[in-house]
Structures are given as structure tokens and as C-alpha cells.
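Participant: Take this structure, written in C-alpha cells, and hold onto it; I'll ask about it next.
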Amino acid sequence: MQLPSYLQVEPVGQCNLRCQMCPIQFRQDGPPYGPPAFMAFDTFKRLVDDFTELKHLHLQGLGEPLMHPRFFDMVSYAASQGVKVTTNTNLTLLNERKAESCVTSGLAIVHVSLDAATAGVYESIRIRAHFERVIENIRRLNAAKARLEAELPELRMVMVLMRRNLGELPELVRLANELGIVELSVQQLCHDFSETTLPPHYAPMRTFIATESLSEDCQADADRVFAEARVLASELGLKLRLPNMRRERDVVTRLDPRCDWPWTGAYVSYDGFSMPCCMISTPDRGNFGRIDQASISEIWSGEAYEAFRAGLQNGTPPNICAACAIYKGTF
């Protein structure tokens with residue numbers, strides 16, 4: 007089987023913030039539990055070299071990419087091979103030097119995670135974060151682009167939608183436009199953690215998601231807020247992507263497999279585990295082995311991967327996929 011042209015790599019396995027979306031420290035990577043959880047640069051280079059058909063590399067995971075001391079070396083190396091490089095960041099660690107490196111390293115797109123338009127709501131979600139600092143850093147990055155007369159990286163914004171921030175959406179559309187953002191992507195919580203194989207220490211995450219997810223009782227409010235946001239985005243010329251709020255039984259009209267990740271893209275964690283996708287989050291919930299124990303092509307075309315694909319294709323999805331918002335069609 008031909009290797010995919012899309013690769014997602016997790017450069018860092020530790021976060022610089024604690025989020026209400028991550029109410030437990032289920033992932034004990036990096037300090038204070040051990041050494042920094044950074045992907046080795048040589049491992050990264052080997053990944054890029056081994057994916058011979060690679061066209062798009064996305065640097066994202068559970069950790070904050072800008073924590074990696076060689077993040078911009080990673081970007082530059084892949085970009086020098088003709089690969090389109092994109093990333094997701096909470097942008098709390100940006101400074102003048104990093105802003106300039108965002109422009110000069112070859113980054114094509116920076117997706118900024120911003121889950122509210124006001125400090126109070128944002129800081130209730132992102133613990134220890136400072137809303138105004140993130141806004142200042144977006145402006146800092148725009149200023150670096152202007153100073154260097156560069157069109158890239160393109161700035162986009164990502165909002166994770168919950169009960170607590172639903173009402174923030176119209177104002178976030180306005181704010182994104184004011185900050186020169188070209189696209190706002192609004193996503194629901196990606197997974198309900200309801201798989202029967204869930205490790206016990208994830209139980210608080212399951213409870214949090216059940217509390218914060220938008221369900222049928224939110225439908226009328228969501229419809230009203232979405233309609234207002236659509237009109238506003240149209241008036242401002244902002245591209246807006248909204249999630250599907252319909253119940254699963256209303257949207258399961260598409261042909262399986264409903265998710266093409268295992269055929270079109272690969273995901274590798276900072277410590278070298280090959281995983282089905284970023285929605286699974288951590289290797290202990292599902293992986294196909296480590297890239298230092300088998301070649302990329304062996305893993306990609308191996309029995310475990312093929313069995314996973316077969317489950318998606320024949321309508322009997324792997325346990326973990328059945329609980330995923332992408333598979334349900336509501337992401």
C-alpha cells in the first residue's frame with residue numbers, strides 16, 4: 007500500500023497550560039514526571055524522509071508545539087523538501103524571535119486555538135492562560151509578516167465548542183476579523199471517551215465531556231447562535247466552518263467508512279508510536295507499534311492497520327471509532 011501524502015506529527019507530549027478540557031493529568035509525559043517529552047530531531051528527519059510521498063505535514067498533538075526547542079528546525083527541514091507545513095498552537099509562548107521564525111521558517115498556516123472572545127470565559131477553559139497575551143501575540147505575528155513583507159503563514163483560528171462558550175461565537179467572529187484571521191473553524195469536542203476499552207484513569211475526562219458537550223437540549227440555542235455567526239461572517243468576508251449539530255441517527259446516511267484517516271493520513275506521537283489519528287489522543291488508547299521497531303511501510307501495510315481499516319469499511323468500526331465525533335458526523 008502506498009504511503010500517504012499527509013502526516014501529522016506530535017513534536018511535544020507535554021502542555022504549557024492546564025485546560026478544563028483536560029481536567030486530569032492522564033498523560034504523565036515530561037516534567038515533573040520525567041525528562042522533557044520532545045520528539046528527537048533525528049527521529050523527525052527520518053519520518054519526513056521515510057514518507058516518500060509526503061506533501062502536507064501538520065505539527066500538532068496534545069502538547070504545545072512551540073515548546074520544542076527545535077520546532078522551527080523541523081518546519082524548515084520539511085519545507086526545504088517541498089512539504090507544506092502547518093501547525094496548531096495556543097500561541098501563549100510566542101515572542102518577537104519566534105514570530106519572525108514563523109515567517110522565515112516556511113510555515114504555511116498557523117491555526118490559533120482560541121475558545122472564547124472574552125478573557126473570563128477563555129481563562130476558565132485555559133487555566134493559567136492570559137487572554138490579552140494571546141491577542142497581543144496574534145498582532146505580533148501579523149506585525150512580523152508586515153515587517154518582512156510576507157504573505158505566509160496564513161492565520162486561521164480554531165474554537166472548541168462547549169456549553170460554556172457557545173454564546174461567545176458571534177463575538178469571536180468579530181474578533182477574528184479584527185485580527186486579520188481568514189478562517190474560523192468551530193469544532194465540537196472530538197470524542198466522548200465512551201469506548202468500553204477506556205483505561206480507568208480517563209473516567210474524569212468522560213464525565214467532563216458529558217457535562218460540556220452540546221446535546222439536544224442545546225439545539226435551539228445553537229441554531230440561533232450559528233445563524234447569527236453565519237450572517238456576521240458573510241458580512242465580514244470571513245470563512246466560517248461550523249459543526250454538524252444533528253443527532254447521529256439523522257446523519258448516518260453516508261456510505262461507510264465515514265472516516266478516511268487510516269487511508270489518507272498517518273499520525274505519529276512524540277515518542278514514536280504510530281496511531282490511527284489525532285482523535286485518539288494517546289497511544290494507550292490505540293496504536294500500531296513504534297516506528298523504531300518496524301519500518302513505516304511495514305506498519306502502514308501491516309495486519310493491525312489493515313484490520314482497523316476493515317472495521318471502518320465494513321460497518322463494524324473499532325470500539326474507539328464508534329465514540330468519535332468524526333465517525334458520528336457531528337465534529
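Numbers given in the numbering used here equal positions in the sequence shown, counted from 1, plus 6.
C-beta atoms are modelled at their ideal positions from N, C-alpha and C, and glycine is treated no differently.
Can you check whether the CB of Leu-178 is closer than 8 angstroms to the CB of Met-405?
Facilitator: There is no way to answer for residue 405, as the model of the chain reaches only from 7 to 337.
Participant: What runs of the beta strand (DSSP E), each 3 residues or longer, lie entirely inside the stretch 28–95?
Facilitator: Those beta strand (DSSP E) runs which fall completely within the stretch 28–95 and span 3+ residues are 62–65 and 90–95.
Participant: Grab the span of the alpha helix (DSSP H) containing Tyr-333 for me, first residue to last.
Facilitator: Here the question's residue 333 lines up with position 327 in the sequence shown. 331–334 is the span of the alpha helix (DSSP H), which, as asked, contains Tyr-333.
Participant: Less than 8 angstroms between the C-beta atoms of Ala-329 and Ser-200, yes or no?
Facilitator: If you number the sequence shown from 1, residue 329 lands on position 323. If you number the sequence shown from 1, residue 200 lands on position 194. Yes, these two residues count as a Cβ contact at 8 angstroms.
Participant: Note down the Cα distance separating Val-274 from Phe-337, rounded to an integer number of angstroms.
Facilitator: As a working mapping, residue 274 is identified with position 268 in the sequence shown. As a working mapping, residue 337 is identified with position 331 in the sequence shown. In a straight line, the C-alpha of Val-274 is about 22 angstroms away from that of Phe-337.
Participant: From Tyr-12, Gln-193, Gln-66 and Leu-244, pick the residue whose C-alpha is nearest to that of Val-54; which is it?
Facilitator: Counting from 1 along the sequence shown, the entry for residue 54 is found at position 48. Nearest C-alpha to Val-54: Tyr-12.
Participant: Can you list, in chain order, the residues of its chain whose CB lies under 8 angstroms from that of Arg-355, leaving out five sequence neighbours each side?
Facilitator: Absent from the structure is residue 355, since the part of the chain shown begins at 7 and ends at 337.
Participant: Met-168 by DSSP, collapsed to three states: which one?
Facilitator: Taking the sequence shown and counting its residues from 1, the one referred to as residue 168 is at position 162. DSSP places Met-168 in coil when its eight states are reduced to three.
Participant: Please report how far the alpha carbon of Pro-41 lies from the alpha carbon of Gly-19, in whole angstroms.
Facilitator: Within the sequence shown, residue 41 is the residue found at index 35, counting from 1. Within the sequence shown, residue 19 is the residue found at index 13, counting from 1. So the alpha carbons of these two residues sit roughly 11 angstroms apart.
Participant: Closest by CA to Trp-267, which one among Glu-102, Ser-301 and Pro-323?
Facilitator: Position 261 of the sequence shown holds residue 267. The shortest Cα separation from Trp-267 among Glu-102, Ser-301 and Pro-323 belongs to Pro-323.
Participant: Please report the straight-line C-alpha distance between Ala-331 and Gln-194, rounded to a whole angstrom.
Facilitator: Start at 1 with the first residue of the sequence shown, and residue 331 comes out as number 325. Start at 1 with the first residue of the sequence shown, and residue 194 comes out as number 188. Answer to the nearest angstrom: the Cα atoms are 8 angstroms apart.
Participant: Opposite Leu-161 in the DSSP bridges: which residues?
Facilitator: As a first step, residue 161 must be located in the sequence shown, where it is residue number 155. DSSP, once it has assigned bridges, lists Val-116 as partnering Leu-161.
Participant: Which residues bound the alpha helix (DSSP H) around Glu-201?
Facilitator: As a position in the sequence shown, residue 201 is number 195, starting the count at 1. Note, Glu-201: premise wrong, no alpha helix (DSSP H); not H, not E.
Participant: Say yes only if the C-beta of Gly-88 is nearer than 7 angstroms to one or more non-hydrogen atoms of the ligand PLP, and no if none qualify.
Facilitator: This structure lacks the ligand PLP; in fact it carries no ligand of any kind.
Participant: Mapping the DSSP letters down to three states, classify Met-251 as helix, strand or coil.
Facilitator: Mapped onto the sequence shown, residue 251 falls at position 245. Met-251 falls in the coil class under three-state DSSP.
Participant: Given a threshold of 16 other Cβ atoms within 10 Å of its Cβ, counted over all protein chains shown, does Lys-334 qualify as buried or as exposed?
Facilitator: For the purposes of this step, residue 334 is taken as residue 328 along the sequence shown, with counting starting at 1. Per the 10 Å Cβ criterion, buried.
Participant: Going by CA-CA distance only, name the one from Leu-100, Leu-72 and Lys-151 that's closest to Glu-142.
Facilitator: The residue given as residue 142 occupies position 136 in the sequence shown. Closest option to Glu-142, Cα to Cα, is Leu-100.
Participant: Compute the distance between the beta-carbons of Met-163 and Ile-187, then report whether it is under 8 angstroms.
Facilitator: The residue you call residue 163 lines up with position 157 of the sequence shown. The residue you call residue 187 lines up with position 181 of the sequence shown. Yes.
Participant: If we count Cβ pairs, one from each stretch, closer than 8 angstroms, do we get three or more for the stretch 65–81 versus the stretch 276–292?
Facilitator: Yes, the stretch 65–81 is in contact with the stretch 276–292.
Participant: Measuring straight from C-alpha to C-alpha, what distance separates Arg-145 and Val-15?
Facilitator: By 1-based counting over the sequence shown, the position of residue 145 is 139. By 1-based counting over the sequence shown, the position of residue 15 is 9. Arg-145 and Val-15: Cα-Cα distance of roughly 27 angstroms.
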